[in-house]
Structure formats: structure tokens, C-alpha cells
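In our numbering, the protein residues as written are -17 to 135.
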């Protein structure tokens, strides 16, 4: 089975992991700093290597999001052409409750910009949209999987 994971390239992944824990209630946070052996390969000052991240990851609603520092020297990253969709089965009461609780977590934290409130939609699902402080666009979506080809209710 092939799995696709969003992999964010960040200016400061160490900071971003702490932000996602606070803002999104992220769990299972893992951070692998750049070791001395990798510092030269990445063009990093060995004295600063421990503050940089060669791989990190966290879970949001059971979805693993991966991240690393951007070693390409790009000043600011632009995520305008990408959104992360967290999709759940609205026919599963436990899944829908998790989505509702997640939305409450992010709104209570007050650390994201709410672009579209979490609400029922005309297609029979429920959807909300927010943007985090790094400009990453997130969509929370719950829909009846029994209406979708290839999905299991």
C-alpha cells in the first residue's frame, strides 16, 4: 500500500513542531536534529546543527505530517498552491466527534486564521478551512463515505 504524507519544508522546523502542538493539538511529535556528520552535507555550521531539523513529524487526527528545515536557502516558503485536507467519514460518530473536538482545539488556541467556519455543507458533508502562521492552508472535511466510490463506510 502506498501512503502519501505531506512534507513541509520550513525555515525553522523545531519552532514549527512546538507551534503545531500548541495550535493544532499535534501528537506523536518526532524531531531529528542535524548531526555533526550531516552538517557539512547540508552546508550547516556544525555549531548550529543541533538547532536545525533534518526530519520531523507529527500527527493530526491520525494523519502524519512530516517536516524538515529547508536547506535550499530559500528565504520564505510559499504554500499558496497547496492545501492539506484532513478528511473523515461523517457516518462514523467517533470520527465526527474527533473532527468537532479538533475544531474546538484550534479555535480555542487562537493561533490560526479561520478562513471558513466548520459547518454543514450543501453536499452532505461538513467543512472548515484555516491557515496557520506559516501560510499552510488546512481543510477539515467530513463526508459520508458511503456516497464515495472507493471509500468504505
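Glycine included, each C-beta is placed from N, C-alpha and C at the ideal position.
Practice item. Answer with buried or exposed for residue -2, where buried requires no fewer than 16 other C-beta atoms within 10 angstroms of its C-beta. Key: Start at 1 with the first residue of the chain shown, and residue -2 comes out as number 16. Result: buried.
Practice item. Could you work out which residue in 38, 29, 20 is closest to residue 1 when comparing CA atoms only? Key: Within the chain shown, the letter at position 19 stands for residue 1. Nearest neighbour of residue 1 by Cα position, chosen from 38, 29, 20, turns out to be 38.
Practice item. Look at the Cβ atom of residue 65, then the Cβ atom of residue 108, and state whether they are nearer than 8 Å. Key: Position 83 of the chain shown, counting from 1, holds the residue named residue 65. Position 126 of the chain shown, counting from 1, holds the residue named residue 108. Against a cut-off of 8 Å, the Cβ pair of residue 108 and residue 65 comes out as no contact.
Review point. Is there contact between the segment 31 to 47 and the segment 0 to 19, where contact requires at least three CB pairs shorter than 8 Å?
Key: Three or more Cβ pairs drawn from the segment 31 to 47 and the segment 0 to 19 lie within less than 8 Å of each other, which places the two stretches in contact.
Check your understanding: Taking the alpha carbon of residue 62 as the point to measure from, which residue in 127, 113, -4, -6 has its own alpha carbon closest?
Key -> Here the question's residue 62 lines up with position 80 in the chain shown. When each option's Cα is compared against that of residue 62, the closest is 113.
**Study point:** residue 110 versus residue -11 - alpha carbon distance
**Key:** Here residue 110 is taken as the residue at index 128 of the chain shown, counted from 1. Here residue -11 is taken as the residue at index 7 of the chain shown, counted from 1. For residue 110 and residue -11, the distance between alpha carbons rounds to 22 Å.
Point to revise | Inter-residue Cα distance where the pair is residue 97 and residue 32 | key: As a working note, residue 97 is residue 115 in the chain shown. As a working note, residue 32 is residue 50 in the chain shown. Taking the CA atoms as reference points, residue 97 sits about 36 Å from residue 32.
Check your understanding: Where in the segment 49 to 96 do unbroken runs of the beta strand (DSSP E), each at least 3 residues long, occur, reported from the N-terminal end onward?
Key -> 65 to 71
Check your understanding: Going along the chain, which residues of its own chain have a beta-carbon closer than 7 Å to the beta-carbon of residue 67, five neighbours each way excluded?
Key -> Position 85 of the chain shown, counted from the first residue, corresponds to residue 67. These residues qualify, in order along the chain: 121, 123.
Check your understanding: To which residues does DSSP link residue -10 through a beta bridge?
Key -> If you number the chain shown from 1, residue -10 lands on position 8. Answer is 49, bridged to residue -10.
Practice item. Tell me, to the nearest whole angstrom, how far the beta carbon of residue -5 is from that of residue 82; I am working on the premise that it is less than 8 Å. Key: What you label residue -5 is simply residue 13 of the chain shown in a count that begins at 1. What you label residue 82 is simply residue 100 of the chain shown in a count that begins at 1. About 29 Å separates the two Cβ atoms, so there is no contact after all.
Review point. Looking at C-alpha atoms only, which residue of 60, 90, 54 is the closest neighbour of residue 119?
Key: Here residue 119 corresponds to residue number 137 of the chain shown, with the count starting at 1. Here the closest residue by C-alpha is 60.
Review point. Cα separation between residue 46 and residue 92?
Key: Against the chain shown, residue 46 aligns to sequence position 64. Against the chain shown, residue 92 aligns to sequence position 110. Spanning the two alpha carbons is a distance of roughly 22 Å.
Review point. Quick one: what's residue 113 bridged to in DSSP?
Key: What you label residue 113 is simply residue 131 of the chain shown in a count that begins at 1. Looking at the DSSP assignment, residue 113 forms a beta bridge with 95, 119.
Exercise for review: Put residue 30 into one of helix, strand or coil per three-state DSSP.
Suggested key: In the chain shown, counting from the first residue as 1, residue 30 sits at position 48. If DSSP states are grouped into helix, strand and coil, residue 30 belongs with coil.
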